[in-house]
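Chains as they are written, first to last, in the numbering used here: chain A, 3 to 434; chain B, 3 to 434; chain C, 3 to 434; chain D, 3 to 434.
Have a look at the structure below before the remarks.
Protein chains: 4
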Amino acid sequence: MDVNQKIHNSISKENLITTRRDFHQYPEPGWVEFRTASIIATKLRDLGFTIQTGKSIMEEKDRMGIPNSEELSTHWQRALLQGGNPEFMEAMKGGFTAVGASLYCGDGPIIAMRFDMDALEIEEASEDNHLPSQKKFRSKNKRFMHCCGHDGHSAIGLEIAKVISEIKEHLKGTIKLIFQPAEEGVRGAKCISTGKFLDDVDYIYACHFWSQMPLKSIVCGMNGTMATSKFDAIFHGAPAHAGIEPEKGNNALLAAATATLNLHALPSFKGNCSLNVGKLISGTGRNIVPPKAILSFETRGTNTKYDILIQERAFQILHTSATMQNCQLEVTPMGSAKSVECNPEIIQIIKKCSEEIDFFETITPSDKENRGSEDFTFMMEKVKANKGKACFIGIGANINNQGHHTRQFDFAEEVMAPTVELFVKIAVEIMK
Amino acid sequence: MDVNQKIHNSISKENLITTRRDFHQYPEPGWVEFRTASIIATKLRDLGFTIQTGKSIMEEKDRMGIPNSEELSTHWQRALLQGGNPEFMEAMKGGFTAVGASLYCGDGPIIAMRFDMDALEIEEASEDNHLPSQKKFRSKNKRFMHCCGHDGHSAIGLEIAKVISEIKEHLKGTIKLIFQPAEEGVRGAKCISTGKFLDDVDYIYACHFWSQMPLKSIVCGMNGTMATSKFDAIFHGAPAHAGIEPEKGNNALLAAATATLNLHALPSFKGNCSLNVGKLISGTGRNIVPPKAILSFETRGTNTKYDILIQERAFQILHTSATMQNCQLEVTPMGSAKSVECNPEIIQIIKKCSEEIDFFETITPSDKENRGSEDFTFMMEKVKANKGKACFIGIGANINNQGHHTRQFDFAEEVMAPTVELFVKIAVEIMK
Amino acid sequence: MDVNQKIHNSISKENLITTRRDFHQYPEPGWVEFRTASIIATKLRDLGFTIQTGKSIMEEKDRMGIPNSEELSTHWQRALLQGGNPEFMEAMKGGFTAVGASLYCGDGPIIAMRFDMDALEIEEASEDNHLPSQKKFRSKNKRFMHCCGHDGHSAIGLEIAKVISEIKEHLKGTIKLIFQPAEEGVRGAKCISTGKFLDDVDYIYACHFWSQMPLKSIVCGMNGTMATSKFDAIFHGAPAHAGIEPEKGNNALLAAATATLNLHALPSFKGNCSLNVGKLISGTGRNIVPPKAILSFETRGTNTKYDILIQERAFQILHTSATMQNCQLEVTPMGSAKSVECNPEIIQIIKKCSEEIDFFETITPSDKENRGSEDFTFMMEKVKANKGKACFIGIGANINNQGHHTRQFDFAEEVMAPTVELFVKIAVEIMK
Amino acid sequence: MDVNQKIHNSISKENLITTRRDFHQYPEPGWVEFRTASIIATKLRDLGFTIQTGKSIMEEKDRMGIPNSEELSTHWQRALLQGGNPEFMEAMKGGFTAVGASLYCGDGPIIAMRFDMDALEIEEASEDNHLPSQKKFRSKNKRFMHCCGHDGHSAIGLEIAKVISEIKEHLKGTIKLIFQPAEEGVRGAKCISTGKFLDDVDYIYACHFWSQMPLKSIVCGMNGTMATSKFDAIFHGAPAHAGIEPEKGNNALLAAATATLNLHALPSFKGNCSLNVGKLISGTGRNIVPPKAILSFETRGTNTKYDILIQERAFQILHTSATMQNCQLEVTPMGSAKSVECNPEIIQIIKKCSEEIDFFETITPSDKENRGSEDFTFMMEKVKANKGKACFIGIGANINNQGHHTRQFDFAEEVMAPTVELFVKIAVEIMK
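Next up, the structure:
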């Protein structure tokens, strides 16, 4: 029996569904994937992988958008009650939930695959036409939901590990699996990319399911992925009684309103840049000059260069707006992702492998349509900087025409098995 | 013994202090003065007054800035536990906490006095140099504090009732006492003024303690009191994904930012008008076009005419800003007070009475310096509209140079007895 | 001798250069091309064409951005002194400078060609490295300059007329030549397109020289041409003494400043729309509330639909900004052009003809790179609405790497002859 | 005959009217009062005064808002034709039109009086109900008009000189007369105050006619006069083609629009400050990112301290707005005046003297109502800084209820004689 047949036979659709539905019931948002990550670490260790987790795999200072300590603690406690493995959870305390797993299968190239684990803060639909509700695997964690498919990503990651461990003798090289926290808000990948885990990697790839792409379609290289950056800008002014002596205050809201208008008035660089002020929270009382304003914004660029260009303009507007009202400005990065350039050589390998799988019907080598963002791009850049090759794959998974990040989001579970097959075949092909 | 001597002897300083300190320990914010009001109603009834409370004394539609039903319920439950009288509390449910008390003492003029009862949402100082803390009558209600002296106002109201009931035979006319909720934010007086309780009143007066005015000083007619109005303006827009199709959104934050700048750019009418946008809350997510913005603002005028002028300009700015971004605008009045013109005849009576009291050293007939606001002015206007006479008195009460609405606010308790004496003497003088 | 040979031999490079340099010395801006147009009309009449000019060929109400009567008169007088033909100039008074010329050459298709005549208000370079200066044909009209190549366009139009008249017997159909005023600012084409001259036209084409395109290159169908619209928005407010009673004024400048910021803050529809406020003139005196503001802006869209979308948003901002400050708004269209979709069939003919001419080396059938604007598009739409076919051609004419609308602009005169040849060959090809 | 009688008899009403009407016919705006000033210098010299003019009496660097050299030259030429004295005009070239005249009348105090000479750029009314038109002394200088009464001020200044020279023997001290240019726009006084002419002055006073004050009324000390400052702020950005690469421009108009909104949004310091952006001129072409914006504004304060406070806030807004758009900012002072505190001792003298004159019926010692501005205040401060005494007088001169700076402005000529009398009597009184 050849390796391709072995791979195909080794994949268990039941496993995939069971695992995915388990993860779906216990969604954990970014940085608090304690249950998910500790279960993954346990299973991978049991399959013979060497496990790295906690601070050993993440550069602490490069984590972005960490929840406060109360939230970290609450989620940690709940994860424990919901079956998290305390053995691994200890090292994850405080939001160190990445898991790296390595398997040496002989001398040869080092190949990394990335899977994301985090859920979102959305209340899941409870109507019967929502499959997870109908099939009884709806979220048990009030207010949180896997509505971006990361439950599926994690499940295929585990199944890939199993298949790899079973076809180990056919591989010549090292397999590294990365289970990443906090992809939502593009907060979690950077700290892994600045750590050491990827230092020796020659190839890296990852995929994302897309509910907007037709089932059975695949884009081998998602080259339209945009660079993006997320920031919170805090204006620190000074309060004053608005009726009696407003001139003694430093009006943070006026500063933020001026910034908001001018940020949106920035040029679009012919459609290559965009910016959004998504939230503004300012003021303490109706009769007080607002002493503080928190402005949450994001920038986007068709490539990283454009994203940086628009950021620079944005920072200048923020700083001058603050000074205009004698306010101090504090800008905190809350997330970041690069634009993508997939390696043409891997694109060809992916194309070939997907053509061999009896599932994919529409195979697009490279596409620039999708204007989403992904912080896996940080890992791609890291590997490319070391002369490695990187690719980001899009998997069509439409089932009910519901968008990502909506309470009715779902994906077609049948995409999981062929995706597992694809990932393993790519590795085999590279190691040939 | 003449009536003045009787009044003087009848006043109990101990009572005043005990009552004030009791109220101080159980501060209740506007519209939820369930404990305070029900205790007051009970005591007044026991003194022989006819009591009106709940909807019978308040025009429901003219109440402003009512807390939500959850808060109303929470405070009601706590009041019950803290000694509120359920007999009266039933009618007060839902925020109907005004108390009116009438005592017929023979044919003659109908004289009304107003006392306010509400506290603020401020955590009281716990340092030993803060008298309520040192003397162990600090607030027992976390987050709430009597830091404007209304505990004292309510205590003198009760003592006045007692004295009046004891010198009843010297009076020719009817005494009406009003214990008002929600003076803070100028929310509570209007609904009483549009009810029937004041319909037959010939004279009305009230006072406020001022920590900024020196002890033993009195301003008989506080004519500097400014008109003010409080509003919440809600911009209803539409969300859109900021990266993919921002043009489909209706950006409520851009509308609110434009409004904020233009509201502050309104002319000051030579210092007669002012406006403050005190709070702005907008947006749902960093990458979503903000679908909603809540802008809280207030206007002020040296008189009601100016307050209305600036409001009209403000509304125009708000409406056009909303339309500019295809947003719907909803403006809700959250409070209101008029400017004051005290009746010169009562001013003279107050001046005469305060001169006769062995306490007041600095007696100012009329003053325009204080630019605060008071919704007692609604009651004054109501009485004046019926050809009655009205006055608002300022009582110097400085003890520690701390401003109103601060966590260290306090007033000199020794002002309570002379204020009781003054209020009763004014009534006696009018009824002569 | 076949017709192609005849055409080639008939063209006089000397004529072209002489005519072009004559026009170059007497530049006339939009709507006052009295000398240019009357000389053209005279020559065309002498070649046997039937001439239409003045109101007979232009819909008066659809002219945009007409100079004031003083300017119209000044330019008319100068044109007379500089050799304009009063015979034709009379009908052109007041800015009716279009010239239409028709030549019946037998039954067959009616083919129209458009040439523009107007110059710009720019002072021409006088340095010796500027060819017109060195060769002594620099502008004699102070402040005005042919810095967009329309002098060349007009010269080739006249040469085409001559060639046509000479090969008339080879043609089966009618040739219509249009010499258009006021292409700069996209002001002049619309009024011709709404007139009757194009009612019966089956084919129409025109070209523009581009100094940014390499010499010997040609784009047969300039499909990147953007739609654009030009407007003046006047805010009519009311003055007031800024020190004494600013509140009595209606501040047109505040309205215009608010509009400016919000216009620039409009979304770019993913790069498909843009907007520029190019000028703002407001106010009368430093101490007066500005009673008036004139805001000049333009919109652009990658197609006409986008141009209209952004306009609608712009109008809403302008109207609401005006109302915000109690101003009246007056918006005047000052120019307009559509996006272009060239007819694929003519593109093929142009491609074939240009391949046959011994000059063009780089022949691009269709191109979307150039994001300029052209009001010839109005004529294209008119012809297409009548089931006719239309195309807009780009001719590479780089000589000194200077941009259009600069004082050093120039084009390579050697492009004129092959362009004449191309235009005539296209007609011959169509009439085959 | 006592001195008062002599003064009274010495005054010629005919002279006053003749001189005033002559000046009225030849109005000259600020810094180009060549005819007026040279005639005045000639007459004063002929009366025996020592004359200083040109740079000897003005600190060149402290002149503000000077016209350009073309305008300076045009006005100089016209002045020559209209009877200006070239003997004095030479030194005045370039806008040095102040005239100082001194007369030593024995040892004693040095008393200075100020008169302003400049007209405004307004076209005078030509209707018959406008007295200067009816009586044939309407402005002969198109576009310019004496519509603030400075023609009258200059006429009384000359008559005072004559009377002084006739009663010289009654005076013990030195009389200094200052004829000031460019009072309009508060541009001319500062440079005289920083020169040496006032160094030794013990007393200084001046007056202004007010068409809004009833005839026969006088305010001895105009203490309501506000401080004011005038500035031009130029934003230097960079142009760019708005359609092709707007991101390359530095948008001066966006900077100026942001500044305009934020300048108007500054607090009013309880009505003590105000600010007006009176003019904004920006942009070159509709399709060009505006490379420049000129913003003309003024600040006002109820006293100089407030004027400086609001200026500092304004500068900060201007600088940060400029930096926000990568623009350079250039702020030029265009005028300035201080607030006034008149010396109480001179007020008493003026009161006494005006009571003795058979004309003034309503005599107000000090008044704060008038909120105009005057740069004579610079001279007052100079004299006060040297322990001298200063006062600014208001003379009621209403004749037709028309405001200053309107085309129908006029003043009652009958106020001139009593004003002359007053000024001389004050000097006599001081020198007693």
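Glycine included, each C-beta is placed from N, C-alpha and C at the ideal position.
(message) Does the CB of S323 of chain A have a neighbour CB from chain D at under 9 Å?
(response) yes
(request) Can you pull the chain C residues whose beta carbon is under 7 Å from the beta carbon of A295 of chain B, in chain order? (result) The premise fails here: A295 of chain B is roughly 15 Å from chain C at the closest Cβ pair, so nothing lies under 7 Å.
(request) Could you tell me whether the Cβ atoms of C393 of chain B and Y207 of chain B are closer together than 9 Å? (result) yes
(request) Determine, using beta carbons only, whether M119 of chain A and F211 of chain A come nearer to each other than 9 Å. (result) no
(message) On a Cα-Cα basis, can you pick out the residue from B:A244, B:T38, B:L331, B:G175 that is closest to L268 of chain C?
(response) B:A244
(request) Could you list which residues in chain D have their beta carbon closer than 8 Å to that of L263 of chain B, in chain order? (result) L263, N264, A267
(request) Tell me whether the beta-carbon of E421 of chain C lies closer than 9 Å to the beta-carbon of R373 of chain C. (result) For the sequence presented, residue 421 of chain C should be read as Thr rather than Glu. No, Cβ-Cβ distance for T421 of chain C and R373 of chain C is not below 9 Å.
(message) Buried or exposed for T262 of chain B, going by 16 or more other Cβ atoms inside 10 Å?
(response) buried
(request) Tell me whether V165 of chain B sits in a helix, a strand or coil according to DSSP, three-state version. (result) helix
(request) Determine the contact status of L200 of chain D and S104 of chain D, defining contact as a CB-CB distance below 9 Å. (result) no
(message) For chain D, check one thing: does any of its Cβ atoms lie closer than 9 Å to the Cβ of Q318 of chain A?
(response) yes
(request) Work out the CA separation of S75 of chain A and E92 of chain A for me, nearest whole Å. (result) 12 Å
(message) Quick test of the definition: if touching needs 3 or more C-beta pairs under 8 Å, does the stretch 183 to 195 of chain B touch the stretch 58 to 74 of chain B?
(response) yes
(message) So, at 7 Å on beta carbons, what are the nonlocal neighbours of E347 of chain A in its own chain, with the 5 sequence-adjacent residues on each side left out?
(response) K391
(request) Look up R302 of chain A in the DSSP assignment and give the residues it is bridged to. (result) A:T230, A:S276
(request) Check each candidate in D:R288, D:E423, D:T286 and name the one with the smallest Cα separation from C355 of chain D. (result) D:E423
(request) Indicate whether at least one CB of chain C lies closer than 9 Å to the CB of P216 of chain B. (result) no
(message) Alpha carbons only, please: which of D:V34, D:N17, D:V5 is nearest the one belonging to K164 of chain D?
(response) D:N17
(message) Can you pull the chain D neighbours of E300 of chain C, defined as C-beta to C-beta under 9 Å?
(response) A244, G245, R288, N289
(message) Rounding to the nearest angstrom, what Cα-Cα distance links I19 of chain A and H407 of chain A in this structure?
(response) 21 Å
(message) Which of the three DSSP states is assigned to P335 of chain C in this structure?
(response) strand
(message) In whole angstroms, give me the CA-to-CA distance for R169 of chain A and K427 of chain A.
(response) This sequence places Ile at residue 169 of chain A; Arg is not what is there. The straight-line gap from Cα to Cα measures roughly 11 Å.
(request) Just mark A235 of chain B as buried or exposed, buried being the case when its beta carbon has 16 or more other beta carbons within 10 Å. (result) buried
(message) Does the CB of A127 of chain B have a neighbour CB from chain A at under 9 Å?
(response) no
(message) On the criterion of 16 or more Cβ atoms from any shown chain inside 10 Å, does E357 of chain C qualify as buried, or is it exposed?
(response) exposed
(message) Can you find the residues in the same chain that come closer than 6 Å, C-beta to C-beta, to C193 of chain C, ignoring five residues on each side of it along the sequence?
(response) M60, E61, D64, R65
(message) Under DSSP, the beta strand (DSSP E) around I113 of chain C begins and ends at which residues?
(response) 112 to 118
(request) Go ahead and label N400 of chain C buried or exposed: buried means 16 or more other beta carbons lie within 10 angstroms of its beta carbon, across all protein chains shown. (result) buried
(message) Can you confirm whether the stretch 293 to 307 of chain D touches the stretch 299 to 314 of chain A when touching is taken to mean that 3 or more C-beta pairs between the two stretches lie within less than 8 Å?
(response) no
(message) For P287 of chain A and A191 of chain B, what's the separation of their Cα atoms in angstroms?
(response) Just to set this straight, residue 287 of chain A is Gly in the shown sequence, not Pro. Answer to the nearest angstrom: the Cα atoms are 21 Å apart.
(request) Please name the residue in C:K340, C:E247, C:P367, C:T364 whose C-alpha comes closest to that of K386 of chain C. (result) C:K340
(message) Tell me the DSSP secondary structure of Y28 of chain B in three-state form.
(response) coil
(message) Tell me the DSSP secondary structure of A414 of chain A in three-state form.
(response) coil
(request) Report the option in B:I13, B:K95, B:H10 whose CA atom is closest to the CA atom of E73 of chain B. (result) B:K95
(request) Determine the chain A residues that contact S270 of chain C at a beta-carbon separation under 7 Å, and present them in chain order. (result) S270, G273
(message) Runs of 3 residues minimum, wholly inside the stretch 129 to 192 of chain B: which ones carry the beta strand (DSSP E) assignment?
(response) 176 to 182
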